[in-house]
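Residue numbers (our numbering): 7 to 145. Single-structure report; data block below.
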């Protein structure tokens, strides 16, 4: 991966099943994990460098990511500033997401017409609602 990062001048990358510490030429490194327990999150957080973040996704025995299901957000620590949340996120999750205040969110399979094909209307609606919550949270 590091070879391609250099060749195409990427600033950041999100990876599953690759140690991000091996990727030396990135400004932003996102280590994705499949969450089974709070310990999974805490263990990985303790290993992060300043330019590294943790993407927490739902564990599945049959696939990596894209399940359309959420993991137990009660596993998340109080400080989510180094965490991106993934896994079955919908518009209904926005109030909780703004309370958790993660570094970022990853929306995917719930916003697709079919695998890999985004539903523009769903994505647009999500970001309109996101913007509304964003304005409310600054009041």
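In this text, a Cβ means the ideal position worked out from N, Cα and C, and glycines have one as well. Please read these numbers as outputs of a predicted model, since none were measured by experiment.
- In this model, residue 35 and residue 64 are separated by some 19 Å (Cα to Cα).
- In the displayed model, residue 118 falls within a strand according to three-state DSSP.
- Looking at the DSSP output, residue 126 shares a beta bridge with no other residue.
- Straight through space, the alpha carbons of residue 106 and residue 71 are spaced by roughly 21 Å.
- Counting only runs that start and end inside the stretch 82-113, the beta strand (DSSP E) elements of at least 3 residues fall at 89-92, 110-112.
- Nearest in C-alpha terms to residue 135, of all of 75, 93, 98, is 98.
- Of all alpha-carbon atoms in 122, 118, 121, 101, the one lying nearest the alpha-carbon of residue 137 is that of 101.
- Within the stretch 16-80, the runs of beta strand (DSSP E) at least 3 residues long that lie entirely inside it are, in chain order, 18-22, 34-41, 58-64.
- The beta carbon of residue 33 sits closer than 7 Å to the beta carbons of 17, 18, 57 from its chain, once the five residues preceding and following it are set aside; these are given in chain order.
- If the five residues before and after residue 119 are omitted, its C-beta is found closer than 7 Å to the C-beta atoms of 125, all from its own chain and listed in chain order.
- Around the beta carbon of residue 83, a 10 Å sphere encloses fewer than 16 other beta carbons of the protein chains shown; the residue is thus reported as exposed.
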